[in-house]
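Engineer:
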Amino acid sequence: KAKTGSISNYVFFSSEMHAQEMEKLAIINDLQQALERNEFELYYQPQFSLNKQEVYGFEALIRWNHQEKGIIPPLKFIPIAEETGIIIEIGKWVLRTACLQQVAWYQQHAKAMCVAVNISMKEFQNTSFIGSVSNIIKETGIDSKYLELEITESIAMCDVKFVIQTLIQLKELGVSISIDDFGTGYSSLHVLKTLPIDQLKIDRSFIQDIQSNHQDKAIVETFITLAKKLQLSLVAEGVELDDQRKFLEELHCDIIQGYLISPPLKAQDTLRYLQ
Ligand code: C2E
Ligand code: MG
Ligand code: MG
Ligand code: MG
């Protein structure tokens, strides 16, 4: 089973290994079992519409409840899961779980919420990706118009022809596409305008100092205008302060996400949050 990440393949390097590399190997090894042991959990962070003054949806964010190490954040294991390929299995689990949660919100809250799911480059490029998304939509019964897939600029700009083809197929399934961490990669505006996408998510690094930094202010303003002109919806990430919210509201930014609204919540706490 453990064909890619088996520790024995690496053991002869151990004398020269740094602690960091040792930790990485431990993660590779444990990732294999984490799915079977049910150690992954999705948290959901609310996205709030300033226009409507109501919750618009939630972004699903994975956590790993490691049996000895406690909670491991995604940035510590997602890149490794991508390297070993196990991200494909994890990604399917994430998508299925998030879709089931969306259906549960609808059934229990009687109001449809969007759910946004992060898709890694490896998943997006996998030949069975479209088939998996399609199957999971059918299996879970989610109304696909409430499913948003978040991809980063680096994915979107990779192999433009392939990306457009893939995005078109996803759009045919009825899902929306969002560009995550917008502004941190190197998007070509020329490419951007040709992509069938629905939403930009401004990276939180631009929001952080928005009240004091004139450059950031100008950039965010430009992104908001760009989104409007391209008829894309726009989410500001990492909104922590009420002053940031006020500023974004003045600029007619619609949707905000961040600790000011709420940290990512456990699934069982989302319903209470909605009520
Ligand atoms: P992301 O998609 O850009 O997610 C936003 C990150 O910002 C999350 O970190 C969230 O907890 C954090 N955040 C939210 N509001 C605030 C705020 O007001 N201030 C600050 N400082 N941070 C805030 P998290 O959960 O650690 O996730 C990090 C990244 O890991 C995500 O960035 C995403 O790229 C990746 N990731 C998370 N879940 C998944 C997943 O299920 N699959 C894949 N492929 N990647 C995932
Ligand atoms: Mg995201
Ligand atoms: Mg982001
Ligand atoms: Mg990110």
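Mapping of the sequence shown onto the numbering used here: position 29 corresponds to residue 152, and the numbering continues sequentially without gaps.
No residue lacks a Cβ here, since even glycine has one placed at the ideal position from N, Cα and C.
Model, not experiment: these values are computed from the prediction.
#1: Give every residue of the same chain whose Cβ lies closer than 7 angstroms to the Cβ of A221, excluding the five residues on either side of it in the sequence, and list them in chain order.
#2: Measuring alpha carbon to alpha carbon, tell me which residue in G308, L218, I342, Q354 is nearest V82.
#3: Which value, in whole angstroms, describes the spacing of the CA atoms of L154 and E212?
#4: Would the beta-carbon of L318 fall within 8 angstroms of that of I278?
#5: In its own chain, which residues sit with a C-beta less than 6 angstroms from the C-beta of G381, not counting the 5 before and 5 after it?
#6: Kindly give me the distance between the Cβ atoms of I320 and I347, rounded to whole angstroms, as I take these residues to be in contact under 8 angstroms.
#7: Using only alpha-carbon positions, find the residue among E273, K192, S243 that is nearest to G214.
#8: If we ignore side chains and look at the alpha-carbon of each, how far apart do L290 and Y309 end up?
#9: CA-CA distance, A125 and N161?
#10: Pick helix, strand or coil for A125, following the three-state DSSP scheme.
#11: Measuring CA to CA, which of K261, E373, I203 is closest to L148?
#12: By how many angstroms is the C-alpha of I210 removed from the C-alpha of Q156?
#13: Can you list, in chain order, the residues of its chain with a C-beta nearer than 8 angstroms to that of M236? Leave out the 5 residues immediately preceding and following it.
#14: Considering only DSSP beta bridges, list what G308 is partnered with.
#15: Hey, could you find the ends of the beta strand (DSSP E) A239 is sitting in?
#16: When the Cα atoms are used, what is the spatial distance from I378 to K261?
#17: Is the stretch 194 to 203 touching the stretch 168 to 177, taking contact as three or more C-beta pairs under 8 angstroms?
#18: Of all the CB atoms in chain C, is at least one closer than 8 angstroms to the CB of A390?
#19: Based on the DSSP output, what are the partners of Y167 in its beta bridges?
#20: Between S328 and the rest of its own chain, which residues show a CB-CB distance below 7 angstroms, the 5 nearest in sequence each way excluded?
#21: So, for L374: in the same chain, excluding its five sequence neighbours on each side, which residues have a beta-carbon less than 8 angstroms away from its beta-carbon?
#22: Using DSSP's beta-bridge definition, name the partner residues of K261.
#23: Any residues whose CB sits closer than 5 angstroms to a heavy atom of ligand 2? List them in chain order?
#24: Output yes or no for whether 8 angstroms exceeds the beta carbon distance between I259 and L293.
#25: List in chain order: all unbroken alpha helix (DSSP H) runs of 4+ residues lying wholly within the stretch 291 to 337.
#26: Rank Q190, K352, F285 by C-alpha distance to the C-alpha of L323 and give the top, closest one.
#27: Using 8 angstroms for Cβ pairs, my map puts L158 next to W216. What's the rounded Cβ distance?
#28: On the three-state DSSP scale, how would you describe E271?
Structural biologist: The relevant details are as follows:
#1: Reading the sequence shown from its first residue, position 98 is the one you call residue 221. The answer, listed in chain order, is L165, A183, V238, V240.
#2: Nothing can be reported for residue 82: it is not among the residues displayed for the chain, which extend from 124 to 398.
#3: Here residue 154 corresponds to residue number 31 of the sequence shown, with the count starting at 1. Here residue 212 corresponds to residue number 89 of the sequence shown, with the count starting at 1. Spanning the two alpha carbons is a distance of roughly 11 angstroms.
#4: Your numbering for residue 318 matches position 195 in the sequence shown. Your numbering for residue 278 matches position 155 in the sequence shown. Between L318 and I278, the CB-CB gap reaches or exceeds 8 angstroms.
#5: As a first step, residue 381 must be located in the sequence shown, where it is residue number 258. Same-chain partners within the cutoff: G361, V362, E363.
#6: Along the sequence shown, one-based indexing puts residue 320 at 197. Along the sequence shown, one-based indexing puts residue 347 at 224. About 16 angstroms; that fails the 8 angstroms criterion.
#7: As a first step, residue 214 is located in the sequence shown; it is residue number 91 there, counting from the start. If we check each option's Cα against that of G214, S243 comes out closest.
#8: Working through the sequence shown from its first residue, we reach residue 290 at position 167. Working through the sequence shown from its first residue, we reach residue 309 at position 186. Straight-line Cα distance between these residues: approximately 19 angstroms.
#9: Indexing the sequence shown from 1 puts residue 125 at position 2. Indexing the sequence shown from 1 puts residue 161 at position 38. Only weak support exists for where A125 lies, its pLDDT of 41 falling under 50; the coordinates are left without a value.
#10: Mapped onto the sequence shown, residue 125 falls at position 2. With a pLDDT of 41 at A125, under the threshold of 50, the modelled position of that residue is not reliable, and the figure given next carries that caveat. DSSP places A125 outside both helix and strand once states are collapsed to three, so it counts as coil.
#11: One-based indexing of the sequence shown puts residue 148 at position 25. Nearest of K261, E373, I203 to L148, Cα basis: I203.
#12: Locating residue 156 in the sequence shown gives position 33, counting from the first residue. Locating residue 210 in the sequence shown gives position 87, counting from the first residue. The alpha-carbon atoms of Q156 and I210 are separated by roughly 13 angstroms.
#13: Locating residue 236 in the sequence shown gives position 113, where the first residue counts as 1. Excluding residues within five positions, the ones whose Cβ falls inside 8 angstroms are V178, Y179, G180, F181, Q225, W228, Y229, Y269, L397.
#14: Stepping through the sequence shown from its first residue, residue 308 is reached at position 185. In the DSSP output, where bridge partners are listed per residue, G308 has none listed.
#15: Start at 1 with the first residue of the sequence shown, and residue 239 comes out as number 116. Residue range 237 to 241 is occupied by the beta strand (DSSP E) that includes A239.
#16: Numbered from its first residue, the sequence shown carries residue 378 at position 255. Numbered from its first residue, the sequence shown carries residue 261 at position 138. Going by the C-alpha atoms only, they are around 29 angstroms apart.
#17: Flag = no, the stretch 194 to 203 and the stretch 168 to 177 do not touch.
#18: The structure shown contains no chain C; it holds only a single protein chain.
#19: Residue mapping note: residue 167 aligns to position 44 of the sequence shown, counting from 1. Bridge partners of Y167: A183, L388.
#20: Counting from one through the sequence shown, the residue named residue 328 turns up at place 205. Excluding positions up to five away in sequence, the list reads T307.
#21: Taking the first residue of the sequence shown as 1, we reach residue 374 at position 251. Within the same chain, L374 has close Cβ partners V343, E344, I347.
#22: In the sequence shown, residue 261 corresponds to position 138, counting from 1. Per DSSP, none; premise fails for K261.
#23: Working through the chain, the matches are N241, E273, D303.
#24: Indexing the sequence shown from 1 puts residue 259 at position 136. Indexing the sequence shown from 1 puts residue 293 at position 170. L293 is positioned such that its CB atom lies no closer than 8 angstroms to that of I259.
#25: List check, alpha helix (DSSP H) in window: 312 to 317, 327 to 330.
#26: Position 200 of the sequence shown, counting from 1, holds the residue named residue 323. Residue K352 is the option with its Cα nearest to L323.
#27: Here residue 158 corresponds to residue number 35 of the sequence shown, with the count starting at 1. Here residue 216 corresponds to residue number 93 of the sequence shown, with the count starting at 1. 6 angstroms between Cβ atoms; contact.
#28: Start at 1 with the first residue of the sequence shown, and residue 271 comes out as number 148. Look at E271 here: in three-state DSSP terms it is strand.
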